[in-house]
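Data block below; observations after.
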Amino acid sequence: HADLAMYHAKQSGRNSVYVFKNELETQLTRTVNIETELRYAIERNEFVLVFQPQYALEQNQFTGFEALIRWQHPEMGTVSPEVFIPVAERSDFIIDLTDWVLSQALTTLQTLSGEHPNLTLSVNISARELIRSDFVERIRQHLSKHPTINACQLELEITERIAMEQPQKALMIFQSLRRLGVSLALDDFGTGYSSLSYLKRYPLNTLKIDKTFVDEIGIDEEDEAVCKAIISLAKAIGYQTIAEGVENQQQAEFLRTHGCDFIQGYYYAKPLKSDALTALFANQTA
Ligand code: C2E
Ligand code: MG
Ligand code: MG
Ligand code: MG
Numbered sequence: 580h581a582d583l584a585m586y587h588a589k590q591s592g593r594n595s596v597y598v599f600k601n602e603l604e605t606q607l608t609r610t611v612n613i614e615t616e617l618r619y620a621i622e623r624n625e626f627v628l629v630f631q632p633q634y635a636l637e638q639n640q641f642t643g644f645e646a647l648i649r650w651q652h653p654e655m656g657t658v659s660p661e662v663f664i665p666v667a668e669r670s671d672f673i674i675d676l677t678d679w680v681l682s683q684a685l686t687t688l689q690t691l692s693g694e695h696p697n698l699t700l701s702v703n704i705s706a707r708e709l710i711r712s713d714f715v716e717r718i719r720q721h722l723s724k725h726p727t728i729n730a731c732q733l734e735l736e737i738t739e740r741i742a743m744e745q746p747q748k749a750l751m752i753f754q755s756l757r758r759l760g761v762s763l764a765l766d767d768f769g770t771g772y773s774s775l776s777y778l779k780r781y782p783l784n785t786l787k788i789d790k791t792f793v794d795e796i797g798i799d800e801e802d803e804a805v806c807k808a809i810i811s812l813a814k815a816i817g818y819q820t821i822a823e824g825v826e827n828q829q830q831a832e833f834l835r836t837h838g839c840d841f842i843q844g845y846y847y848a849k850p851l852k853s854d855a856l857t858a859l860f861a862n863q864t865a
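If you want UniProt numbering, it's the position in the sequence shown, counting the first as 1, plus 579.
In structure tokens:
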């Protein structure tokens, strides 16, 4: 299938991907509907979970990992979560998808926790499902299936936008989740519009400095200033910071110097399949 070309749903403005065989066969062009294909993706085993290690700068070791979903479609090839997550969010399919992610990721965490206690797992949660009335109960049920995992080993990553669009509702859900013992991180921090008064009122644990700021370390002084400001803001209100998308030593050193707590990115480790992740933690212990 070397000749396959495709245009993403983003370009067509619909949930469709056009798949072409090659120039001679353009009449065979067919439209693949992402929403329809997604429904079958779980039973056809097309989803894969990868894990990106997170590195603690003070301890100088990996202490956790973020679960990232991948979709290997037989015709479309690898479809980015940035394309299919928004489609899943428009239907209830996001619920099944997150249940699949949580169950796979918690199983991986449970396996690793035998040898390496206290590792943390971060899972991305869509705004749309967070505000559903059964969300907290679903998390509780997932945790109850893994009794050896401590709730505080699970961190839910939520984007800044939802927290600010429905602040009262978000606050109540955050409080329930914290009573359950899970940790909360604001993902892509700095790209949305945070109200500082809400930020300090929320029972969060971690601010996640967005990659777009990290990218400019060593290049743009204003973005460096934003990174420093986020770190000091977090310290002032008692939150930890993690920087994402760290790709080189200069960025890592800058973040270390200015007191960032954790970093993740290709410089330390790319997202890994579970066997490679197991090897990484085994190596570190040895
Ligand atoms: P995110 O949560 O902000 O994840 C970070 C993204 O940056 C990931 O892309 C990761 O592979 C990538 N990344 C990490 N370090 C580096 C680096 O050093 N350089 C570069 N160039 N990229 C880096 P990915 O896996 O494509 O995920 C994109 C977004 O899709 C995520 O952004 C998240 O919002 C969403 N997503 C991924 N998995 C899930 C999931 O299981 N559930 C939900 N609801 N959303 C997910
Ligand atoms: Mg994330
Ligand atoms: Mg992010
Ligand atoms: Mg992002």
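All C-beta atoms, glycine included, are put in the ideal place defined by N, C-alpha and C.
In this text the structure is predicted, and so the values were computed from the model without any measurement.
Among the bridge pairs identified by DSSP, residue 634 is matched with 641, 842. The C-beta distance from residue 674 to residue 709 rounds to 11 Å, too long to meet the 8 Å contact threshold.
Of the heavy atoms belonging to ligand 1, at least one sits nearer than 7 Å to the Cβ of residue 664.
Residue environment: residue 800 is assigned as exposed (fewer than 16 neighbouring CB atoms within 10 Å of its CB, all protein chains considered). Short note on residue 661: C-beta not closer than 7 Å to any heavy atom of ligand 3. A residue is called buried once 16 or more other Cβ atoms fall within 10 Å of its Cβ, and residue 766 is buried on that count. These are the residues, in chain order, with a beta carbon less than 6 Å from any non-hydrogen atom of ligand 2: 645, 703, 736, 766.
Not one heavy atom of ligand 1 is found less than 7 Å from the C-beta of residue 686.
In the three-state DSSP reduction, residue 618 falls in the helix class (H, G or I). At least one heavy atom of ligand 1 falls within 7 Å of the beta-carbon of residue 677.
Remark: the C-beta of residue 845 is in contact range of ligand 1, defined as less than 7 Å to any heavy atom.
Distances from the CB of residue 769 to the heavy atoms of ligand 1 are all 7 Å or more.
Scanning the segment 715-777 for uninterrupted beta strand (DSSP E) segments of 3 residues or longer gives 733-738, 762-768, listed from N- to C-terminal end. Counting along the chain, the unbroken alpha helix (DSSP H) around residue 684 starts and ends at 672-694. Listed in chain order, the alpha helix (DSSP H) elements of length 4 or more contained wholly in the segment 788-819 are 790-793, 800-815.
Put simply, of 750, 827, 679, 637 the residue whose alpha carbon is nearest the alpha carbon of residue 625 is 679.
Between residue 813 and the set 784, 828, 865, the nearest pair of CA atoms involves 784. For residue 700, the three-state secondary structure derived from DSSP is strand.
Using a cutoff of 7 Å, the CB of residue 849 does not count as near ligand 3, since none of the ligand's heavy atoms is closer than that.
The segment 817-829 makes contact with the segment 839-859, as at least three CB pairs between them are under 8 Å. Separation of residue 773 and residue 695 (C-alpha to C-alpha, rounded to the nearest whole angstrom) is 36 Å. The closest heavy atom of ligand 1 lies 7 Å or more from the beta carbon of residue 614.
At a threshold of 7 Å, residue 617 does not count as near ligand 1, since its beta carbon sits no closer than that to any of the ligand's heavy atoms.
Look at residue 623 here: in three-state DSSP terms it is coil, with no helix or strand label. Secondary structure of residue 711 (DSSP, three-state): coil. Boundaries of the beta strand (DSSP E) around residue 658: 656-658.
Residue 853 is not a Cβ neighbour of residue 615, given a cutoff of 8 Å.
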